[in-house]
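**Q**
Residue numbers (the numbering used here), protein chains in the order written: chain A, 6 to 335; chain B, 6 to 335.
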């Protein structure tokens, strides 16, 4: 085995249904990984053990021992305290006040950085993907919700004891639909895949989307990004119209964020973008450039994310390494 | 005279109608100032000379010579390139592509920093006022428009070649009134003093605001913040209702910004706030805390700005000194 003497960094992506650990070497080559179901119902304590076991298996796969790790970075789908590494709430998993940093530092004896999964993905795109070398990268990842992240001057933009960049909760319709956050008319209520799914299953129910109806019926939970792309390709015009409308809303919402942050590049990622890159990107960008202030209109690019699912793991790993280096430097 | 041997920094506030230079010593004591009309119609070249003369007069007032200056900071009411110190556009003055940094560095032989006036005000509140010691300060200054600024980790948040934080151009009503920026339904169209003035002169015209009518008639340009406060105190209930509605909109718009930036403190300044601090602040804060995400609700304060008109001059001066120090340190 070639593992002896090597140093590694682990990037971890904790999702509501799946978790994945990837071991990177010093040149950021992927040299081992492990992926398994999250099984959130086992609870927080057993869940933290399961995370550790997944890291152990990835280390085995890489032929490395825990004492060869320089750092672990873990991206999580919920609000957290970045300093303490405590996740306040993982709403899809039912875990609260999860001491991720403390638990993993005790187990592995190396520095652990905890960050939001979308921040991790944005940092990954900044280091290795569509945002390389940019001073300010705004990442927007529409999915069930709409995640946002910003890397500004090389660091993940965050609050003092809380994560930031909740792009999905910029309000676009003051009297709009009730959002999961308790407010009305957040961007998520009109532009997320869940919002699209609501509209297309109603269209299917009305008989306006025959191809979609034949594939998934009217069950909202079965509408994935690929479902939408296939229905559009097969000729369901109403599905195309619904997707383009939602993408337009996303551009509308992002315009407000660009007016605030003046990013150099907006990176769009996630399943919707991957399934329909041309259609979706064009609809987002057209509305975005229409709405943004004239002074900013020519100051940013819009790009599709390049790293897919690996953005969160490599971003978490790179962020953990950067934080560990900064701490070591005093 | 006591000026010999002292070192100073000039803070300059360039407005559409007035300009002011203040000389600060090393302990940030105000030790001389000059203020005059801007007379923008003289044009850019003569205008730059007029700015320099105002600085000369302030230096005279402080008993200092130009070679005693460590830096000059100048806040301007328009978008600019912070690195080159070129102001793209001063819409109320008719000047374009104004080489402020180059002109003043040539004239005074010291480093000059140019920043947006609202950024200067926010930095002033961060250094000396309501935002002291905070990691992230969001400044919001409703006036004719609505200015915003953010100091994050000690630095003014900005774009690569453009200023940022256009809080007034967060869109709150997608089909709302046409904004000066060309988009519809920006926060400015419902929450600025101009929006309030439009509504109150219509109410006065309809006979619903007798006290306001007797003071300013129906001339929108005569409606100042003090006018509104006096009409409310005298019993014009419709004026109070209009102001409270506009302040609520401001809270609504700021909620989206807080969801993005997770600031530690929101500092509200400007004439409306100064004229009606209790009424206005309460209306803003109530709506803001209602709308913001639950995870962020208890993570920020809302405060009234403490420095008034001096925020921009002392902020510009302090920022220029900080930038000069950083440049000197390499």
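Even glycine gets a Cβ: it sits at the ideal position worked out from N, Cα and C. Being a predicted model, the structure only gives us computed values, none of them experimental.
Restricting to Cα atoms, I'd like to know which of A:232, A:211, A:200, A:117 is closest to residue 253 (chain A).
**A** Here the question's residue 253 (chain A) lines up with position 248 in the first chain. Among A:232, A:211, A:200, A:117, the Cα nearest to that of residue 253 (chain A) belongs to A:200.
**Q** Who are the neighbours of residue 121 (chain A) on chain B, taking C-beta pairs under 8 Å?
**A** Position 116 of the first chain, counted from the first residue, corresponds to residue 121 (chain A). What residue 121 (chain A) touches in chain B: nothing, since even the nearest Cβ is about 11 Å away.
**Q** Using a Cβ-Cβ distance under 8 Å, would residue 167 (chain A) count as near chain B?
**A** Within the first chain, residue 167 (chain A) is the residue found at index 162, counting from 1. Look at residue 167 (chain A): its C-beta is under 8 Å from a C-beta on chain B.
**Q** Report the residue from B:156, B:49, B:270 whose alpha carbon sits nearest the alpha carbon of residue 293 (chain B).
**A** Translated into positions along the second chain, residue 293 (chain B) becomes position 288. Ranking B:156, B:49, B:270 by Cα distance to residue 293 (chain B) puts B:270 first.
**Q** Quick one: what's residue 168 (chain A) bridged to in DSSP?
**A** Counting from 1 along the first chain, the entry for residue 168 (chain A) is found at position 163. In DSSP, residue 168 (chain A) forms a bridge with A:163.
**Q** How is residue 49 (chain B) classed by DSSP in three states: helix, strand or coil?
**A** The residue labelled residue 49 (chain B) in the question sits at position 44 within the second chain. Three-state result, residue 49 (chain B): helix.
**Q** So what's residue 10 (chain B) in DSSP terms, helix, strand or just coil?
**A** In the second chain, residue 10 (chain B) corresponds to position 5, counting from 1. It is coil, neither helix nor strand.
**Q** Enumerated in chain order, which unbroken segments of the alpha helix (DSSP H) with a length of 4 residues or greater are wholly contained in the stretch 95-178 of chain B?
**A** 105-113, 122-133
**Q** What does DSSP give as the partner residue(s) for residue 42 (chain B) in the beta ladder?
**A** Counting from 1 along the second chain, the entry for residue 42 (chain B) is found at position 37. B:23.
**Q** Is it the case that the stretch 138-147 of chain B contacts the stretch 109-120 of chain B, given that we only count it when at least three CB pairs across the two stretches are under 8 Å?
**A** With the rule of 3 Cβ pairs closer than 8 Å, the stretch 109-120 of chain B does not count as touching the stretch 138-147 of chain B.
**Q** Among B:310, B:138, B:283, which residue has its Cα nearest to the Cα of residue 249 (chain B)?
**A** In the second chain, counting from the first residue as 1, residue 249 (chain B) sits at position 244. Among B:310, B:138, B:283, the Cα nearest to that of residue 249 (chain B) belongs to B:283.
**Q** What first and last residue would you give for the beta strand (DSSP E) that runs through residue 218 (chain A)?
**A** For the purposes of this step, residue 218 (chain A) is taken as residue 213 along the first chain, with counting starting at 1. Per DSSP, residue 218 (chain A) belongs to no beta strand (DSSP E); it is in the alpha helix (DSSP H), 215-221.
**Q** Listed in chain order, which residues of the stretch 154-183 of chain A have Cβ atoms closer than 9 Å to some Cβ of chain B?
**A** 155, 157, 158, 160, 162, 163, 164, 165, 166, 167, 168, 169, 170, 171, 172, 173, 174, 175, 176, 177, 178, 179
**Q** Quick check: what's the CA-CA separation for residue 190 (chain A) versus residue 108 (chain B)?
**A** Position 185 of the first chain, counted from the first residue, corresponds to residue 190 (chain A). Position 103 of the second chain, counted from the first residue, corresponds to residue 108 (chain B). Those two C-alpha atoms are separated by around 48 Å.
**Q** What is the residue span of the beta strand (DSSP E) that residue 297 (chain B) lies within?
**A** Your numbering for residue 297 (chain B) matches position 292 in the second chain. Taken as a continuous stretch (DSSP letters only), residue 297 (chain B) belongs to no beta strand (DSSP E), as it is neither H nor E.
**Q** Identify whether residue 17 (chain B) lies in helix, strand or coil by the three-state DSSP scheme.
**A** Numbered from 1 along the second chain, position 12 holds the residue referred to as residue 17 (chain B). Residue 17 (chain B): strand per DSSP, three-state reduction.
**Q** Which residues in chain B sit within 9 Å of residue 86 (chain A), going by Cβ to Cβ distance?
**A** Residue mapping note: residue 86 (chain A) aligns to position 81 of the first chain, counting from 1. Per Cβ cutoff of 9 Å: no residues; residue 86 (chain A) is ~10 Å from chain B at best.
**Q** Quick check on residue 39 (chain B) - is its C-beta less than 8 Å from some C-beta in chain A?
**A** As a first step, residue 39 (chain B) is located in the second chain; it is residue number 34 there, counting from the start. With 8 Å as the cut-off, residue 39 (chain B) does not count as an interface residue toward chain A.
**Q** Going by C-alpha to C-alpha distance, which of B:151, B:150, B:21 sits closest to residue 80 (chain B)?
**A** What you label residue 80 (chain B) is simply residue 75 of the second chain in a count that begins at 1. Cα-wise, what sits closest to residue 80 (chain B) is B:21.
**Q** Does the stretch 154-172 of chain A come close enough to the stretch 118-134 of chain A to have 3 or more Cβ pairs within less than 8 Å?
**A** yes
**Q** When DSSP builds the beta bridges, which residues end up paired with residue 77 (chain A)?
**A** If you number the first chain from 1, residue 77 (chain A) lands on position 72. According to DSSP, residue 77 (chain A) bridges with A:15, A:117.
**Q** What number of angstroms, rounded off, separates the C-alpha of residue 167 (chain B) from the C-alpha of residue 62 (chain A)?
**A** Stepping through the second chain from its first residue, residue 167 (chain B) is reached at position 162. Stepping through the first chain from its first residue, residue 62 (chain A) is reached at position 57. Each residue's alpha carbon lies about 48 Å from the other.
**Q** Would you say residue 128 (chain B) lies against chain A (beta-carbon separation less than 8 Å)?
**A** As a working mapping, residue 128 (chain B) is identified with position 123 in the second chain. Cβ-Cβ to chain A under 8 Å: no for residue 128 (chain B).
**Q** Would the stretch 255-264 of chain A count as touching the stretch 222-231 of chain A if we require 3 or more Cβ pairs under 8 Å?
**A** Too few Cβ pairs lie closer than 8 Å, so no.
**Q** Beta-carbon of residue 216 (chain A) versus every beta-carbon of chain B: anything under 8 Å?
**A** By 1-based counting over the first chain, the position of residue 216 (chain A) is 211. For residue 216 (chain A), the answer is no, since every Cβ of chain B falls outside 8 Å of its Cβ.
**Q** Does the distance from the C-beta atom of residue 307 (chain B) to that of residue 279 (chain B) stay below 8 Å?
**A** Translated into positions along the second chain, residue 307 (chain B) becomes position 302. Translated into positions along the second chain, residue 279 (chain B) becomes position 274. In this structure, residue 279 (chain B) does not lie closer than 8 Å to residue 307 (chain B) by Cβ.
**Q** Is residue 5 (chain B) close to chain A, meaning its C-beta is less than 8 Å from at least one C-beta of that chain?
**A** The question about residue 5 (chain B) has no answer, for chain B in this structure spans 6 to 335.
**Q** Considering only the beta carbon of each residue, do residue 326 (chain B) and residue 76 (chain B) sit closer than 8 Å?
**A** Position 321 of the second chain, counting from 1, holds the residue named residue 326 (chain B). Position 71 of the second chain, counting from 1, holds the residue named residue 76 (chain B). In contact: residue 326 (chain B) and residue 76 (chain B) (Cβ atoms closer than 8 Å).
**Q** Determine, using beta carbons only, whether residue 87 (chain B) and residue 300 (chain A) come nearer to each other than 8 Å.
**A** Within the second chain, numbered from 1, the residue matching residue 87 (chain B) stands at position 82. Within the first chain, numbered from 1, the residue matching residue 300 (chain A) stands at position 295. Taking 8 Å as the Cβ cut-off, residue 87 (chain B) and residue 300 (chain A) do not qualify as a contacting pair.
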